[in-house]
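**Student:** Dumping the structure here so I can ask a few things about it.
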Amino acid sequence: MPYESMNELAFFMHCEVDTEVADYRAQPFRLEFVIEGRKRTYIVDCVRLMADGGIEVVEVKSDPRALQDPDYAEKLQAVRTICEQVGWRFRLVFMKALMERAVFHRNVTDIQSRRMTDYTSADVFRVVESVRHPGEVALGELAQFLGARALGFAKLKAMMVGRIVRIDLAQPIGDASRVVLVPDRRGA
Numbered sequence: 001m002p003y004e005s006m007n008e009l010a011f012f013m014h015c016e017v018d019t020e021v022a023d024y025r026a027q028p029f030r031l032e033f034v035i036e037g038r039k040r041t042y043i044v045d046c047v048r049l050m051a052d053g054g055i056e057v058v059e060v061k062s063d064p065r066a067l068q069d070p071d072y073a074e075k076l077q078a079v080r081t082i083c084e085q086v087g088w089r090f091r092l093v094f095m096k097a098l099m100e101r102a103v104f105h106r107n108v109t110d111i112q113s114r115r116m117t118d119y120t121s122a123d124v125f126r127v128v129e130s131v132r133h134p135g136e137v138a139l140g141e142l143a144q145f146l147g148a149r150a151l152g153f154a155k156l157k158a159m160m161v162g163r164i165v166r167i168d169l170a171q172p173i174g175d176a177s178r179v180v181l182v183p184d185r186r187g188a
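Numbering of the sequence shown is given in UniProt numbering, commencing with residue 1 and proceeding in unit increments.
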């Protein structure tokens, strides 16, 4: 996946772990438009298809100083207007917003690093059946159904990237971390 900065990479990792993001693409297209007689081009950093069906165009920046450039600010305002006209959301994300919740960001990095862990449909069945009726289960308790503790943790983290479960990321991940099922919105 192409990215131009560590800020974009960090944001894409958050997208991969965020169960409210159904899909995302890096630099999928560019917009061309005219402002006061001048042709302008804007390459979209990220487009996200959200679980609610909404589409979000995201510009990722290190900090708000870039917005002090009037030309750039005008370009972003035009992009925001275009997005609104087609029913999309436009959002600016700054690195500080991604990093200021350090525990959350470390958890995102941890979960994203386990995204390639294999799990089977039988594993998914066990997890869904174990979580469905109580509504939430502790990560350590759930991991025991999937093999050794470390393997169970890795599978559950991969299942979060797979939009099957959501692990509470507000606290350091551990045995007591709360796990819930991601709502199935396919028919919504």
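Ideal Cβ positions, reconstructed from N, Cα and C, are used throughout, including at glycine.
Fair warning: this is a prediction, and the values are worked out from it, not measured in the lab.
For G87, count neighbouring C-beta atoms within 10 Å of its own C-beta (all shown protein chains included) and say buried if the count is 16 or more, exposed if not.
**Tutor:** Answer is exposed; the Cβ neighbour count stays below 16.
**Student:** Please return the same chain residues whose Cβ sits closer than 8 angstroms to the Cβ of G187, not counting the five positions on each side in sequence.
**Tutor:** Only weak support is given to the placement of G187: the predicted model assigns it a pLDDT of 48, under 50, and the value that follows is read from those uncertain coordinates. Excluding residues within five positions, none has a Cβ falling inside 8 angstroms.
**Student:** By Cβ distance, which residues of its chain are closer than 6 angstroms to M160, with the 5 residues on each side in sequence left out?
**Tutor:** For M160, where only same-chain residues beyond five positions count, the Cβ hits under 6 angstroms are I111, I167.
**Student:** According to the neighbour-count rule (16 or more other Cβ atoms, all chains shown, within 10 Å of its Cβ), is P97 buried or exposed?
**Tutor:** With the sequence shown as reference, residue 97 is identified as Ala, and Pro is not the correct amino acid for it. Its Cβ having fewer than 16 others within 10 Å, A97 is exposed.
**Student:** How about the stretch 111-126 and the stretch 15-28: do they share at least three Cβ pairs that are nearer than 8 angstroms?
**Tutor:** Contact between the stretch 111-126 and the stretch 15-28 is present, because at least three Cβ pairs lie under 8 angstroms.
**Student:** Put M95 into one of helix, strand or coil per three-state DSSP.
**Tutor:** In this structure, M95 counts as helix in the three-state DSSP scheme.
**Student:** Do the stretch 37-49 and the stretch 5-13 make contact, defined as three or more Cβ pairs closer than 8 angstroms?
**Tutor:** Contact between the stretch 37-49 and the stretch 5-13 is present, because at least three Cβ pairs lie under 8 angstroms.
**Student:** Per the contact definition of three or more C-beta pairs closer than 8 angstroms, is the stretch 71-82 in contact with the stretch 18-36?
**Tutor:** Contact between the stretch 18-36 and the stretch 71-82 is present, because at least three Cβ pairs lie under 8 angstroms.
**Student:** In the structure shown, what three-state DSSP assignment does M13 receive?
**Tutor:** Helix, per DSSP.
**Student:** Please specify which runs of the beta strand (DSSP E), each continuous and at least 3 residues long, are wholly inside the stretch 149-180, giving them in chain order.
**Tutor:** The stretch 149-180 contains these whole beta strand (DSSP E) runs: 165-167.
**Student:** If we ignore side chains and look at the alpha-carbon of each, how far apart do P183 and A73 end up?
**Tutor:** Whole-angstrom Cα-Cα distance: 38 angstroms.
**Student:** For a test of the three-state rule: what should DSSP assign to R106, helix, strand or coil?
**Tutor:** Here R106 sits in helix by DSSP.
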